[in-house]
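Undergrad: If you scroll down you'll find the structure; I have some questions about it.
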Ligand SMILES: [Zn+2]
């Protein structure tokens, strides 16, 4: 890891003073901040370097490949499961667990969900954003009111559900409206009972 030289710390202090009007209280604080910045850029460079190597490798293996076996861990960009080495896959859509990779390749979910994170909700987001219970979500899926894309393991167990906004727009809007009205009614009830007490 690169260490900051005393000369660089002096320059860093100067820049901070000119740009942000901040003077470090001690040399140790200035050194610590400068070192943090250097460490941060080292990480960025590492990421950039790895990305470049991967894109290079993609020329020989266009369908992608397992993650590097160097002990680094990542999160699957779809289901967020922790992955590393042979449990993960990388292609231009990003790193995924092998199950999600298979589901994407089989067309269970459109490939663009990897890049367009605003275009879909996970189950927890549906619950959170619409303030409904997980059992309500399951019921609505059963009744066909919500359309879920079921991601399954090789054994056929559902491990993750994707709700495409494009497929659920009407239901989501209606639920939002209902929730909004419910809250408004509750508020007016509270107001009325206050008025009664006068
Ligand atoms: Zn996954």
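Residue numbers (the working numbering): 274 to 471. Don't be surprised by glycine CBs; every beta carbon is placed ideally from N, CA and C.
Can you give, in chain order, each stretch of the beta strand (DSSP E) that sits fully within the region 347 to 382 and has at least 3 residues?
TA: With a minimum length of 3 residues, the continuous beta strand (DSSP E) runs that stay inside the region 347 to 382 are 361 to 364 and 367 to 370.
Undergrad: Cβ of residue 330 less than 8 Å from any chain C Cβ?
TA: Looking for chain C here will not work: only one protein chain is present.
Undergrad: Just jot down, in chain order, the residues whose CB lies closer than 6 Å to any heavy atom of ligand 1.
TA: Those residues, listed in chain order, are 349, 351, 352, 354, 369, 370, 372 and 373.
Undergrad: My parser needs the alpha helix (DSSP H) runs of 4 or more residues fully inside the region 377 to 439; what are they?
TA: Correct list: 396 to 403 and 407 to 415.
Undergrad: What does a CB cutoff of less than 6 Å around residue 279 pick up in its chain, not counting 5 residues either side in sequence?
TA: Taking the chain shown and counting its residues from 1, the one referred to as residue 279 is at position 6. No residues qualify anywhere along the chain.
Undergrad: Could you tell me the boundaries of the alpha helix (DSSP H) in which residue 344 lies?
TA: Numbered from its first residue, the chain shown carries residue 344 at position 71. Per DSSP, residue 344 belongs to no alpha helix (DSSP H) and is neither H nor E.
Undergrad: Put residue 338 into one of helix, strand or coil per three-state DSSP.
TA: Locating residue 338 in the chain shown gives position 65, where the first residue counts as 1. Correct three-state label for residue 338: strand.
Undergrad: Per DSSP, what kind of secondary structure is residue 277 in: helix, strand or coil?
TA: Mapped onto the chain shown, residue 277 falls at position 4. DSSP places residue 277 in coil when its eight states are reduced to three.
Undergrad: Starting from residue 328 and walking both ways along the alpha helix (DSSP H), at which residues does that stretch end?
TA: For the purposes of this step, residue 328 is identified with residue 55 of the chain shown, where counting begins at 1. That run of the alpha helix (DSSP H) goes 300 to 331.
Undergrad: Measuring CB to CB, does residue 342 end up less than 8 Å from residue 358?
TA: As a working mapping, residue 342 is identified with position 69 in the chain shown. As a working mapping, residue 358 is identified with position 85 in the chain shown. Going by C-beta atoms, residue 342 is nearer than 8 Å to residue 358.
Undergrad: Tell me whether residue 471 sits in a helix, a strand or coil according to DSSP, three-state version.
TA: Position 198 of the chain shown, counted from the first residue, corresponds to residue 471. Note that residue 471 has pLDDT 49, beneath the 50 cutoff, so the model's placement of it is unreliable and no number is given.
Undergrad: Given 8 Å as the limit, is there contact between the region 438 to 453 and the region 404 to 423, that is, 3 or more CB pairs closer than that?
TA: Because the criterion of three Cβ pairs below 8 Å is met, the region 438 to 453 and the region 404 to 423 touch.
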